[in-house]
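For the sequence shown, the positions run -30 to -1, 1 to 933 when mature numbering (1 follows the signal peptide of the UniProt record, and there is no 0) is used.
Remarks on the structure that follows.
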Amino acid sequence: MMSSKRSHKLLLLHFAIFCLLLLQENCTEANVILCKESERKTLLEFKQSLQAVDSSGNDVLSSWKSKECCVWVGVSCNNLTGYVEKLDFRSKFKDVAGTISSSLLKLHHLRLLDLSYNDFNGSVIPEFFGSLKKLRYLDLSNANFGGSIPSNLGNLSMLETFRLGGNGEGLFYRHNIGNMFTVGKLEWLSHLSFLRGLDLSFVSLSSADDWSQVINKLPFLEELSLSHCDLPSISPSFSFTNFSTSLTSLDLSGNSLTSSSIYQWLFNVSSNLVSLDLSMNQLKGPIPEAFGNMITMQELYLSHNQLEGEIFKSFGNMCSLAFLDMESNHLSTFGIVQNTSLSCTRYSLRELSLAHNQLKGNSVLNEITKLPSLSVLDLGYNLLNGTIKESIGQLPNLKVLRLAGNAFDNVVISEAHFSNLTKLRSLDLSYSYLTLKISSGWSPPFQLGFMLLCSCKIGPRFPIWLRTQTALVFLDISASEISDSLPDWFWNSVDSLVYLNMSFNQINGTLPHELRYKRHLDLSSNNFTGPLPMSLYSLWSLNLSKNKFTGSVSAICNIMEKWSLYLLDLSYNVFSREVPGCIAEFVRLKVLNLADNSLSGPVPSSLGSLASLEMLSLRGNKFSGELPLSLHNCKMLKFLDLSNNELSGEIPKWIGQSLSSLVFLSLRRNQFKRKMPHQLCGLKYVQILDLSLNNISGSLPSCFNNFTSMAQKLSLDQRIEHVFRKFFVIPFDPKYVDEALLTWKGTKQRYAKILGLLLAIDLSCNKLTGEIPEELTNLQQLIALNLSRNSLIGKIPQKIGQLRQLEVLDLSRNKFSSNIPTSLSELTFLSTLDLSYNYLSGKIPTGRQLQLFDPSSYSHNQGLCGPPVSPDCSMVEPPQVEHTREGEEDSINEFMKWFYTGTGLGFAVGFWGFCSVVFFKRSWRHSYYRFLDNTKDWLYVSFILMKTSLMKRIKALPTSCRR
C-alpha cells in the first residue's frame, strides 16, 4: 500500500515537472515578454557609446529596439526570471568598438561577458569590471585593450573562466598583439579561487615573480595558458606542496624558460596533465626521463627548443600519447619504438612532427613503419638519406606524409611505396630529390588534396596518373625535369585546383581559351606559347615569366575580381603593343613585372592608381616619353626598374620626394638629360642606384650622405622580397623575390638571392662634370661605385679610404688629376679597380691591394709610376705643361692657316687631275675599273673564307664559352 502511494506521488511529481516545462516552452513560443524594463533601459544606455557591425557591415545594434530585449543580438536572459545573464559580443559580431559604459553595473545578474575579438583601440580595462561580482565568465582576449590590468578584478570571486590576452589566433587576426597588457604582482589573482580556465597569453608578466605561487593557490584550475608572457624564472626555494591535481592543460609556450627553471616545477604541478605545450622556449640538453611518468598525457608540444640527443625511450610508456610535436630541435636519434615489447605508444600515437632536426640515415623511417595508428608524419628538413623501404606504404591510417628537404638524392620510389595509403590526403616530397619511377597507367589508391613534388625527378614525360587526382587543391611539380607537351585533358581535369606551380620545366603547350578557378598560377620558365586566355577567373597571383607568350597583354582586362590580384609577372616573353588602361583596376596589386618584352608607347599614367604597388619593373621594353606624374602616388614602391627603354626628359624630382621607400632604383640606358635632382637624396633606404648610360649633366649632388642604408651599418635582408598574406589553402606565406640585371665587375649578371646585400651606385656613361663631393666618402657601407666615362675633374677625394666595404671602384675615362690618395690602399676588400684614362700622376701608393691589380687599371695616366706600372719612379718625370708667349701663339696660328690652305689646294688639283686622265684616256679608264672589280672579288672571297673559318672555331668552343 505504501509502495503504491509512493509510486502515485512520484507520478504526480513527474507530471507537474512536465507541465512546468511545457508551460515554459509555450510561453517562449508565445513571445511572452521576459525582459525587465529597467534592464532594457540599461542596455539602451550601454548601446549609446558603442559601434558594432556584422560580417556584411550592417549595424547590429540597430536591432536593439523591440520591447523584448532578451531576443536582441548578443543578449541572453534567464528563461524563468527574465534577467539578463549573458552579453556575448563575439559570436554574432564582426567588430565592436567604442567606450564601455558603467551602466553594465545595473545588470545585477550578469554571469557572462564576452568582448573578445573586437577593437577597443588600446583603451584600458574599466575599473568597474571588478564590481560585476556575479560574473562566472569574462573574456577580453584579442579585443585591443591595453595598459595595466586593474587589480580589483580579484574581487570577482565567483569567476570560473578568465581570458585576457591572446590565444595565438590574435597574431593572425586583426591586431599585432605583442604584449597587450602589463602587470606587476599577481597576488590579486589568488582570490579567484573558483577559476577553472585562465588565459593570460601575451600579457607581460616579466615582473610577476610570484606567478608560480599564485597558480599554486588555484585548487580547481583545469586549463592554464601563459603563452608569450616573458615569464620570470621560478625561485629554487619555491615549495612544491599543495599543487592542484585538477590541472589538465598547460601552455607555457613562447617564453624564455630554461631547463633548470622549469623542469622541477613542471614535474610537480599535476600528475593528470593531458596537454602540455613548452614550445618556443630555451630548453636544452637531453629529454628528461620524468616525461615518461606523465602517463595521462595525450598532447605534448616541445618544438622550437634546443633539445638534443635521442627521443627518450620512456616516451614509449605514455600509452595515451596521441600528438607529439618536437619540430625544430637538435634531435639526432628516434628510439621511441626500438623495444616494441615495452612500447604501448606505438598503438596510440596519431600525429608525429620531427621536422627541422638532425635525424640521419633511414633507420627512423624503418621504426616509424611500426606505428599503425599514425595519421600525420612530418620528417621534413632533416638529414635522412638512403633507401626508403616499401613498408612505408603499409600505414593504413596515414593522411599526411611529409619528407621534404632531406637528402634522398636519386633514391627511387615506386607505386609499391604507396600501395596501402588509401587515406593519404597530403604528400610533400619537395626538395628531397627523389626519383619517382611510376608507370603511366598507374591508378593511385588515394585522392590527394595537397601534392608537393618540387625538385623531384618526375620527367621527362608528363605524369599521366595525375588525371586520376580529381580532388587536388594544391599541386606543385616545379623543377621536376618534365620536357613534354601538356596533355589536352589537363586543364579540364584540375578544375578544383587553387594553387598550381609547374615552373622551371620544359613543358610545351598553350593556355586554354578559358582559365578557371586557379587562385595561384605559376608556369614560369617553360616553353609555353600563344596568347593569353581570353577569359580568366579570379586570380591572386599569375606568373607566366620566361616563356614565349605573344600578342597583347590586354587579356588581363578579362580577369574577374581584379581587386584580388596581388602579383602579375609577364616578364621575359614576346608581348607587344601598349599596356592597357585597365591596369588601374588592380588596386591591390603589389608586384607588377613586365620586363623584357616588346611593349611600347608611354608609361601609362593609370599605374598611379596602384597605391599598394611595391615592385614595378618595365625593364627592357620600348617605352618612350617622360615618366607620368601619377607614379608619385605609388608610395609603397620598394623596387623600381625602368632600365633599357627610350624614356626621356628630366629625372623627376618627385622620385626622391614621394617614393622614399625605394630600395632599388634603376633608370639605366635611357635618354634622361639635364641635372641629377638633389631630391634623389631623399631615398634614405636605397641600396642600389643605377642611372648609367643616360645624358645626365651637371655636377654630383653633395647630399649623398643621406643614403642611410649605404652610410650606416644596418641589418639587411638577403633578398628584396614581398610577402603576401596567408590564405587558408596555402601551407606557407607566398613570397616574390625581386630579380635585377646589374653590371657587376665588368659583366652583366642577374641577381635575386643576394640582391638585398648589394650596395651600389652606378652613374657611368653620362655627362657629369665637376668634382666628386666629399660627402660621397661617408657611404661607408658602399660595395660598388662606378663613375666612369664622364667629365669629372679635380682630385680623387683624400677620404675615399673611408669606404671600407668597397669591392668595386671604377673612375676611368674622366679628367681626374693629381696623386692617387694614399687612403685608397686601405681598402682591403677592393677586388676591381679602374683608374685608366685620366690625368693622374705621382707614385701609386703602396699597400696590400693596389700593387696586385693589372697595369691596365692605371693605363693612360702619363704621370703615374711605381708598381705595377713601373719598377720605380726614378725614370719618370711628371707631365709638364708648356706655356707660350702671345707672339709665338700668333705665329703658330698664321702658319696653320697657310698649312690648311695649301693642303686643300693640293687635294683639289690632284683629285681633278686624276679624274680628267681617267675620263679622256679610255685604256686607263678600263684598267682602273678592272682593278676595282678584281679588288672587290678578292675582298669578298677573303671575307667568306674568314667567316667560314671563324664559325668552325666558334662551334669547336665549349658551350660555357658562348655568349
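The beta carbon of each residue, even a glycine, is placed where N, CA and C say it ideally should be.
Q: Assign Ala525 to buried or exposed, taking buried as 16 or more other Cβ atoms, counted over all protein chains shown, within 10 Å of its Cβ.
A: Locating residue 525 in the sequence shown gives position 555, counting from the first residue. The residue is buried, with at least 16 neighbouring Cβ atoms inside 10 Å.
Q | CA-to-CA distance, Val43 to Arg60, given in whole angstroms | A | In the sequence shown, residue 60 corresponds to position 90, counting from 1. In the sequence shown, residue 43 corresponds to position 73, counting from 1. Per the coordinates, the alpha-carbon of Arg60 lies some 11 Å from the alpha-carbon of Val43.
Q.
Within the continuous alpha helix (DSSP H) that includes residue 939, where are the two ends?
A. Because the chain spans -30 through 933 in this model, residue 939 falls outside it and cannot be assessed.
Q | Every unbroken beta strand (DSSP E) within the stretch 599 to 650, with a cutoff of 3 residues, ordered by chain | A | As summarised for the stretch 599 to 650, the continuous beta strand (DSSP E) elements at least 3 residues long and confined to that stretch are 609 to 611, 616 to 620, 634 to 636, 641 to 645, given in chain order.
Q | Residue span of the beta strand (DSSP E) that contains Asn522, given as start and end | A | Along the sequence shown, one-based indexing puts residue 522 at 552. One point to set straight first is that residue 522 is Ser, not Asn, in the sequence displayed. Ser522: member of the beta strand (DSSP E) spanning 518 to 522, first to last residue.
Q: Could you say if the stretch 433 to 453 and the stretch 409 to 420 meet the contact criterion of at least three C-beta pairs nearer than 8 Å?
A: At 8 Å Cβ cutoff, the stretches touch.
Q: Figure out for me which residue from Lys532, Ile742, Asn112, Phe519 has the closest Cα to the Cα of Asn567.
A: Numbered from 1 along the sequence shown, position 597 holds the residue referred to as residue 567. It is Phe519.
Q) For Val707, does the three-state DSSP call read helix, strand or coil? A) Along the sequence shown, one-based indexing puts residue 707 at 737. DSSP, reduced to helix, strand and coil, places Val707 within a strand of the structure shown.
Q: Output the boundary residues of the beta strand (DSSP E) element that contains Asn513.
A: Sequence index remark: in the sequence shown, residue 513 carries index 543 (1-based). Unbroken beta strand (DSSP E) run through Asn513: 511 to 513.
Q: Give me the Cα-Cα distance between residue 934 and Tyr828, rounded to the nearest whole angstrom.
A: Residue coverage of the chain in this structure runs from -30 to 933, which leaves residue 934 outside it and unanswerable.
Q: Alpha carbon to alpha carbon, how far is Glu193 from Asn332? Give it in angstroms, no decimals.
A: Within the sequence shown, residue 332 is the residue found at index 362, counting from 1. Within the sequence shown, residue 193 is the residue found at index 223, counting from 1. Each residue's alpha carbon lies about 39 Å from the other.
(Q) Under 8 Å: do the stretch 526 to 538 and the stretch 570 to 578 share three or more Cβ pairs, one atom per stretch? (A) Counting C-beta pairs with one atom in each stretch, the stretch 526 to 538 and the stretch 570 to 578 have fewer than three that are closer than 8 Å, which means they do not touch.
(Q) Suppose the cutoff is 8 Å on Cβ atoms and the five residues either side in sequence are ignored; what does the same chain contact list for Leu14 look like? (A) Counting from one through the sequence shown, the residue named residue 14 turns up at place 44. Correct list, in chain order: Trp34.
Q) Checking contacts by CB at 7 Å: is Pro189 closer than that to chain B? A) Reference to chain B is not applicable here, since this structure consists of a single protein chain.
Q: Within 10 angstroms of the Cβ of Asp458, are there 16 or more other Cβ atoms? Answer buried if so, exposed if not.
A: Position 488 of the sequence shown, counting from 1, holds the residue named residue 458. Around the beta carbon of Asp458, fewer than 16 other beta carbons sit within 10 angstroms, so the residue counts as exposed.
Q) To the nearest angstrom, how far is it from the Cα of Leu537 to the Cα of Ser448? A) Translated into positions along the sequence shown, residue 537 becomes position 567. Translated into positions along the sequence shown, residue 448 becomes position 478. For Leu537 and Ser448, the distance between alpha carbons rounds to 18 Å.
Q | Contact set for Ser761: own chain, Cβ-Cβ below 7 Å, skip 5 residues either direction | A | One-based indexing of the sequence shown puts residue 761 at position 791. Only Lys737, Leu738, Thr739, Asn784, Lys785 meet the Cβ criterion.
**Q.** Contacting residues, own chain, Cβ-Cβ under 6 Å from Ser249 (five flanking each side not counted)
**A.** Counting from one through the sequence shown, the residue named residue 249 turns up at place 279. The residues Ser223, Tyr271, Ser273, His274, in chain order, have a CB closer than 6 Å to that of Ser249 in the same chain once the five nearest residues on each side in sequence are set aside.
**Q.** Own chain residues within Cβ distance below 7 Å of Leu632, not counting five before or after
**A.** Reading the sequence shown from its first residue, position 662 is the one you call residue 632. Excluding sequence neighbours, Leu632 sits near Leu607, Lys608, Leu610, Leu653, Tyr655, Val656.
Q: Look up Val30 in the DSSP assignment and say whether it is helix, strand or coil.
A: If you number the sequence shown from 1, residue 30 lands on position 60. Helix at Val30.
Q) For Thr678, which three-state DSSP category applies? A) For the purposes of this step, residue 678 is taken as residue 708 along the sequence shown, with counting starting at 1. Three-state result, Thr678: helix.
Q | Coarse secondary structure for Phe285, derived from DSSP in three states | A | Here residue 285 is taken as the residue at index 315 of the sequence shown, counted from 1. It is helical.
Q: Please confirm whether Cys651 and Asn615 have their CB atoms less than 7 Å apart.
A: As a position in the sequence shown, residue 651 is number 681, starting the count at 1. As a position in the sequence shown, residue 615 is number 645, starting the count at 1. Not closer than 7 Å, so no.
Q.
Can you give me the C-alpha to C-alpha distance between Ser685 and Leu729, rounded to a whole angstrom?
A. Walking along the sequence shown from the start, residue 685 turns up at place 715. Walking along the sequence shown from the start, residue 729 turns up at place 759. Straight-line Cα distance between these residues: approximately 13 Å.
Q.
Mapping the DSSP letters down to three states, classify Pro572 as helix, strand or coil.
A. For this step, residue 572 is matched to residue 602 along the sequence shown. Correct three-state label for Pro572: strand.
Q. Do the stretch 257 to 271 and the stretch 286 to 296 make contact, defined as three or more Cβ pairs closer than 8 Å?
A. With the cut-off at 8 Å, the stretch 257 to 271 and the stretch 286 to 296 touch.
Q.
Just list the residues that DSSP pairs His692 with in beta bridges.
A. As a working mapping, residue 692 is identified with position 722 in the sequence shown. The partner list for His692 (beta bridge, DSSP) reads Tyr706.
Q. Does DSSP put Phe444 in a helix, in a strand, or in coil?
A. Residue 444 sits at position 474 when you count from the first residue of the sequence shown. In the structure shown, Phe444 sits in a strand (DSSP, three-state: E or B).
Q. Once you ignore the five residues that flank Ala581 on each side, which residues in its own chain have a CB closer than 8 Å to its CB?
A. Indexing the sequence shown from 1 puts residue 581 at position 611. Cβ neighbours of Ala581 beyond the five flanking positions: Val557, Asn603, Cys604, Lys605, Met606.
Q | Proximity winner among Asp492, Ile452, Asn380, Leu105, relative to Leu509 (alpha-carbon distances) | A | The sequence position of residue 509 within the sequence shown is 539, counting from 1. Measuring C-alpha to C-alpha distances from Leu509 to each of Asp492, Ile452, Asn380, Leu105 identifies Asp492 as the nearest.
Q: Leaving out five residues on either side along the sequence, give the residues of the same chain with a beta carbon under 6 Å from the beta carbon of Ala754.
A: Position 784 of the sequence shown, counted from the first residue, corresponds to residue 754. Counting only Cβ-Cβ distances below 6 Å, and skipping sequence neighbours, we find Ala730, Val778.
**Q.** Segment contact, 8 Å Cβ cut-off, at least three pairs: the stretch 710 to 724 with the stretch 740 to 750
**A.** No contact exists between the stretch 710 to 724 and the stretch 740 to 750.
Q: For the alpha helix (DSSP H) holding Ser8, just list the boundary residues, first then last.
A: Counting from 1 along the sequence shown, the entry for residue 8 is found at position 38. 7 to 17 is the span of the alpha helix (DSSP H), which, as asked, contains Ser8.
(Q) Going by the DSSP bridge assignment, what does Met585 pair with across the sheet? (A) Position 615 of the sequence shown, counting from 1, holds the residue named residue 585. As a beta-bridge residue in DSSP terms, Met585 pairs with Val561, Phe609.
Q. When we look at the beta-carbon of Asp84 and count the other beta-carbons within 10 Å, is it buried (16 or more) or exposed?
A. As a first step, residue 84 must be located in the sequence shown, where it is residue number 114. Asp84 should be labelled buried.
Q. Going along the chain, which unbroken runs of the beta strand (DSSP E) with 3 or more residues stay wholly within the stretch 84 to 171?
A. Entirely contained in the stretch 84 to 171, the beta strand (DSSP E) runs reaching 3 residues are, in chain order, 107 to 109, 131 to 133, 167 to 169.
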